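Enquirer: Dropping a structure here in structure tokens format, bear with me for questions.
There are 2 protein chains.
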Amino acid sequence: MEFTIRAATPEDCKDISRMIMELAIYEKMPDQVKISHKELEQDGFSENPFFHCLIAEVPEQHKNKEGHTKVGYALYFYTYSTWKGRTVYLEDLYVMPEFRGKGIGKALISKVAQVCKEQQRVRLQLAALDWNTPSLDFYLAKGAQDLTASEGWHLIRFDGEALDKLAQEAPKN
Amino acid sequence: MEFTIRAATPEDCKDISRMIMELAIYEKMPDQVKISHKELEQDGFSENPFFHCLIAEVPEQHKNKEGHTKVGYALYFYTYSTWKGRTVYLEDLYVMPEFRGKGIGKALISKVAQVCKEQQRVRLQLAALDWNTPSLDFYLAKGAQDLTASEGWHLIRFDGEALDKLAQEAPKN
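Which chain is which? The protein sequence lines are A and B, in order. Residue 45 in the UniProt record's numbering sits at position 45 of the first sequence, with consecutive numbering throughout. Residue 55 in the UniProt record's numbering sits at position 55 of the second sequence, with consecutive numbering throughout.
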């Protein structure tokens, strides 16, 4: 199937927001989604954007029964390693179920890897759920390392009350 | 012991670089450190810095036998969650062994949490090694969640040849 990968524009944010929710449902955590297309427009398309996004689009004749032609996205931002320097983090990679198996996910992540090379960023990282074997297999088949399995890295989070409490305890000076 | 926490300046980069290596040795991966104080100066102190850093400093009379007064650091950068919006990632938190147990690590991470609140960032994340129980216990005691244990998130990495190959396979359009 024909498809194109291009940089997202503010006009894509409603579709990105729709697909963020589809991905969260797939990941069994839809109640965690708190932002809408308005925040995405503001945060991703200002002078110093907080993220970058690629969109996968199919021609009109391949639109699905709901009329969608924007069928996948890759959302990433720039990060930093104190060991390696400038790096990239892939926050989300998603292709709608009915458009999978056509090379769209591969094309999206390859384009993000191309951005890494163009911008001299030496590493691309992401997080995947341990029960999500289709995704894990997809990444590992392309040469990725599972650092949690091989080195023992665990992802740790402060939010809500724990973050508030921590901030309140900051020294004055 | 008296100490202060302040924003790092370019003049701190040699000490930050020294402590990055000390932390990498503690984490048993010193051979992974490829950047020096020069990259840190360039990447952290330009107009659009790739990271931010706090330094913990003790008064002259508490310097250690090597003469160091800069005894800890917290290096962080801004990230993005498609579920929650603007977030912060704590790449490194380190206090020199002989200065531990004095509240310096707690003060450093509390200051980063304060930055989160000031900048309306709803989440602070980091990665810790599963065998590093002093660090894990430190974070969990302060209310952090271990997302790898509770939700099954694994950290996945592309670098070196795998990243090169992925980039080469990107579609032209």
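Glycine residues also receive a C-beta, built at the ideal position from the N, C-alpha and C atoms. Predicted model only: the values in this text are computed from it and were never measured.
How many angstroms separate the CA atom of W83 (chain B) from the CA atom of A24 (chain A)?
Expert: Looking at the two C-alpha atoms, the distance is approximately 8 Å.
Enquirer: Nearest chain A C-beta to Y94 (chain B) closer than 7 Å, yes or no?
Expert: Taking Cβ atoms only, chain A never reaches closer than 7 Å to Y94 (chain B), which makes this a no.
Enquirer: So V58 (chain B) and M1 (chain B) are in contact, right, with Cβ under 8 Å, and what is the actual spacing, rounded?
Expert: Going by Cβ atoms, the distance from V58 (chain B) to M1 (chain B) rounds to 6 Å, so yes, they are a contact pair.
Enquirer: Of all the residues that make up the region 30-48 of chain B, which are near chain A by a beta-carbon distance shorter than 7 Å?
Expert: Flagged, chain order: Q32, V33, K34, I35, E39, D43, N48.
Enquirer: Could you work out which residue in A:G105, A:D159, A:F51, A:D43 is closest to L126 (chain B) when comparing CA atoms only?
Expert: L126 (chain B) has its Cα closest to that of A:D159, out of A:G105, A:D159, A:F51, A:D43.
Enquirer: Closer than 9 Å between beta carbons: that is the criterion. Which residues of the region 152-166 of chain A meet it against chain B?
Expert: For the region 152-166 of chain A, which is checked against every Cβ of chain B, the residues closer than 9 Å are G152, W153, H154, L155, I156, R157, F158, D159, G160, E161, A162, L163, D164, K165, L166.
Enquirer: Would a check of beta-carbon distances place S110 (chain A) closer than 7 Å to chain B?
Expert: Interface residue, yes.
Enquirer: On the three-state DSSP scale, how would you describe I35 (chain A)?
Expert: In the structure shown, I35 (chain A) sits in coil (DSSP, three-state: anything other than H, G, I, E or B).
Enquirer: Can you look up V88 (chain B) in the DSSP assignment and give me helix, strand or coil?
Expert: DSSP places V88 (chain B) in strand when its eight states are reduced to three.
Enquirer: Going along chain A in order, which residues have a C-beta closer than 9 Å to the C-beta of P59 (chain B)?
Expert: In chain order: nothing, as chain A lies at least about 12 Å away.
Enquirer: When we look at the beta-carbon of A74 (chain A) and count the other beta-carbons within 10 Å, is it buried (16 or more) or exposed?
Expert: That one is buried.
Enquirer: Using the Cβ count rule (16 or more neighbours within 10 Å means buried), how would you classify W131 (chain B)?
Expert: With fewer than 16 Cβ atoms within 10 Å of its Cβ, W131 (chain B) is classed as exposed.
Enquirer: Report the option in B:V122, B:S46, B:S110 whose CA atom is closest to the CA atom of T4 (chain B).
Expert: Per the Cα distances, B:S110.
Enquirer: By how many angstroms is the C-alpha of C116 (chain A) removed from the C-alpha of K172 (chain B)?
Expert: Using only the alpha carbons, I get a separation of about 16 Å.
Enquirer: Of the residues B:G67, B:E118, B:D146, which one's Cα is nearest the Cα of D15 (chain B)?
Expert: Selected option, being the one with the closest Cα: B:G67.
Enquirer: In angstroms, rounded to a whole number, what distance separates the CA positions of R100 (chain A) and Y76 (chain B)?
Expert: Those two C-alpha atoms are separated by around 36 Å.
Enquirer: Using a 10 Å radius around the Cβ and a threshold of 16 neighbouring Cβ atoms, would you call R157 (chain A) buried or exposed?
Expert: R157 (chain A) comes out buried.
Enquirer: Here's a check: name, in chain order, each residue in its chain whose Cβ is nearer than 6 Å to the Cβ of S135 (chain A), leaving out the five neighbours to either side.
Expert: Within the same chain, S135 (chain A) has close Cβ partners A128.
Enquirer: Could one say the Cβ of Y80 (chain A) lies closer than 7 Å to chain B's Cβ atoms, at least one of them?
Expert: It does; some Cβ of chain B falls within 7 Å.
Enquirer: Identify the continuous beta strand (DSSP E) that holds R100 (chain A) and give its terminal residues.
Expert: Looking at the DSSP string, R100 (chain A) is not in any beta strand (DSSP E), and its letter there is neither H nor E.
Enquirer: Flag this pair as yes or no: are the beta carbons of H154 (chain A) and T148 (chain B) separated by less than 7 Å?
Expert: Cβ distance < 7 Å, so H154 (chain A) and T148 (chain B) count as in contact.
Enquirer: Here's the rule I'm using: 16 or more other beta-carbon atoms within 10 Å means buried, otherwise exposed. How should D31 (chain A) be labelled?
Expert: It is exposed - the Cβ of D31 (chain A) has fewer than 16 other Cβ atoms within 10 Å.
Enquirer: Can you tell which of B:K28, B:E47, B:N64 has the C-alpha that lies nearest to the C-alpha of P10 (chain B)?
Expert: Residue B:E47 is the option with its Cα nearest to P10 (chain B).
Enquirer: Taking Cβ to Cβ, would you say H37 (chain B) is nearer than 7 Å to C13 (chain B)?
Expert: Yes, they are a contact pair.
Enquirer: Confirm, please, whether the CB-CB distance from G85 (chain A) to I35 (chain B) is below 7 Å.
Expert: Yes, Cβ-Cβ distance for I35 (chain B) and G85 (chain A) is below 7 Å.
Enquirer: Given E41 (chain A), which residues of its chain have a CB within under 8 Å of its CB, disregarding the five upstream and five downstream residues?
Expert: Hits under 8 Å: P10, C13.
Enquirer: What are the boundary residues of the alpha helix (DSSP H) that includes T148 (chain A)?
Expert: 147-150 is the span of the alpha helix (DSSP H), which, as asked, contains T148 (chain A).
Enquirer: If I measure Cβ to Cβ from E87 (chain B) and keep anything under 7 Å in the same chain, skipping five residues before and after, which residues do I get?
Expert: The sequence shown places Thr at residue 87 (chain B), not Glu. Closer than 7 Å at Cβ, skipping near neighbours: T79, Y80, S81, R121, V122, R123, Q125.
Enquirer: Is the Cβ-Cβ distance between L166 (chain A) and A113 (chain B) less than 7 Å?
Expert: For L166 (chain A) and A113 (chain B), yes; Cβs fall inside 7 Å.
Enquirer: Hey, quick one: how far does the beta strand (DSSP E) through R121 (chain B) stretch, first residue to last?
Expert: Note, R121 (chain B): premise wrong, no beta strand (DSSP E); not H, not E.
Enquirer: Taking C116 (chain B) as the query, report the chain E residues whose CB atoms sit under 7 Å from its CB, ordered along the chain.
Expert: Protein chains in the displayed structure are A and B, and chain E is not among them.
Enquirer: In angstroms with no decimal places, state the Cα-to-Cα distance between A162 (chain A) and G105 (chain B).
Expert: A162 (chain A) and G105 (chain B): Cα-Cα distance of roughly 16 Å.
Enquirer: Across which residues does DSSP place E57 (chain A) in a beta bridge pair?
Expert: Partner(s): A:T4, A:K70.
Enquirer: Give the secondary structure of D12 (chain B) by DSSP, where H, G and I count as helix, E and B as strand, and everything else as coil.
Expert: Here D12 (chain B) sits in helix by DSSP.
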